[in-house]
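Residue numbers (this note's numbering): 1 to 189.
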């Protein structure tokens, strides 16, 4: 639990995969399959399906800080078709945005988790879409929660150390300086 406010770590999975169409990448067309939120006040996880998206949006709106990985360019875009909430105004730490600021390039959650934490994602977003299409929402939620756990661990690591890590093509580990303290982001305790 955070002594400095309510921090939510958030991720979602979609109903459909994006295609490489000439119109480009459009997260708004993908639909919400499931979302998982870690709440620092309850120190617990909650999952949401599409029919409960209003509850999810209300919870995000009450947060002192939302932590995610590519949350601004993907997750918020997916949610924008369900709500008029100004997601851009929410207090958000997008870990991918911090990495891109430091390196000038984007890295996947899996790449950063493997290099920083020594663990990898349990599956892929494409597999989660297949599970959704097969009606296996239990597996979609489990996968989404694992991504939230990885994102939470990266947030904690970045707060404590001011660094995350990446590996180059030869497998050598390189630091990525991050300044999660800049907005006085609270730690979990």
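The C-beta atom is built at its ideal place from N, Cα and C for all residues, glycine as well.
**Message:** Against chain B, does residue 37 count as a neighbour if the rule is that its beta carbon must be under 7 Å from one of theirs?
**Reply:** Within the model displayed, chain B is absent; a lone protein chain is all it includes.
**Message:** Please state whether the Cβ-Cβ distance between residue 112 and residue 128 is less than 7 Å.
**Reply:** No; because the gap between Cβ atoms is not below 7 Å, this pair is not in contact.
**Asked** Per DSSP, what kind of secondary structure is residue 139 in: helix, strand or coil?
**Response** Assigned with DSSP and collapsed to three states, residue 139 falls in helix.
**Request:** Check whether the stretch 91-108 touches the stretch 162-178, counting contact only when three or more Cβ pairs, one atom from each stretch, lie closer than 8 Å.
**Result:** Counting Cβ pairs under 8 Å, three or more are found: they touch.
**Prompt:** Is residue 145 near residue 48, with beta carbons less than 7 Å apart?
**Reply:** Not closer than 7 Å, so no.
**Request:** Please list, in chain order, all residues of the same chain as residue 76 whose beta carbon is under 6 Å from its beta carbon, the five residues on each side excluded.
**Result:** By the criterion of a C-beta distance shorter than 6 Å, residue 76 is surrounded in its chain by 87, once the five residues flanking it on both sides are discounted.
**Spatial neighbours of residue 67 in its chain, beta-carbon cut-off 6 Å, leaving aside the 5 residues before and after** = The residues are 9, 93, 155.
**Message:** Once DSSP output is grouped into helix, strand and coil, what is the label at residue 28?
**Reply:** The answer is helix: DSSP assigns residue 28 an H, G or I state.
**Message:** So, at 6 Å on beta carbons, what are the nonlocal neighbours of residue 102 in its own chain, with the 5 sequence-adjacent residues on each side left out?
**Reply:** Excluding residues within five positions, the ones whose Cβ falls inside 6 Å are 176, 177.
**Asked** Which partner residues does residue 35 have in the DSSP bridge list?
**Response** Among the bridge pairs identified by DSSP, residue 35 is matched with 12, 48.
**Request:** Round the Cβ separation of residue 13 and residue 34 to the nearest angstrom and send it over; I've been treating them as touching at under 8 Å.
**Result:** Between residue 13 and residue 34, the beta carbon gap of about 5 Å places them in contact (Cβ cut-off 8 Å).
**Request:** Under 8 Å by Cβ, that's how I've got residue 53 and residue 32 pegged, so tell me the actual separation to the nearest angstrom.
**Result:** Their Cβ separation, rounded to whole angstroms, is 6 Å, which keeps residue 53 and residue 32 in contact under 8 Å.
**Prompt:** Do you know offhand how far residue 62's Cα is from residue 28's?
**Reply:** Residue 62 and residue 28 have their C-alpha atoms roughly 23 Å apart.
**Prompt:** If we ignore side chains and look at the alpha-carbon of each, how far apart do residue 40 and residue 55 end up?
**Reply:** When rounded, the distance between both Cα atoms is 17 Å.
**Message:** Which complete beta strand (DSSP E) runs does the stretch 73-99 hold, if anything under 3 residues is left out?
**Reply:** 92-94, all fully within the stretch 73-99.
**DSSP state of residue 117 mapped onto helix, strand, coil** = Note: residue 117 maps to helix in three-state DSSP.
**Message:** From the DSSP secondary-structure annotation, give me the bridge partner or partners of residue 164.
**Reply:** In DSSP, residue 164 forms a bridge with 176.
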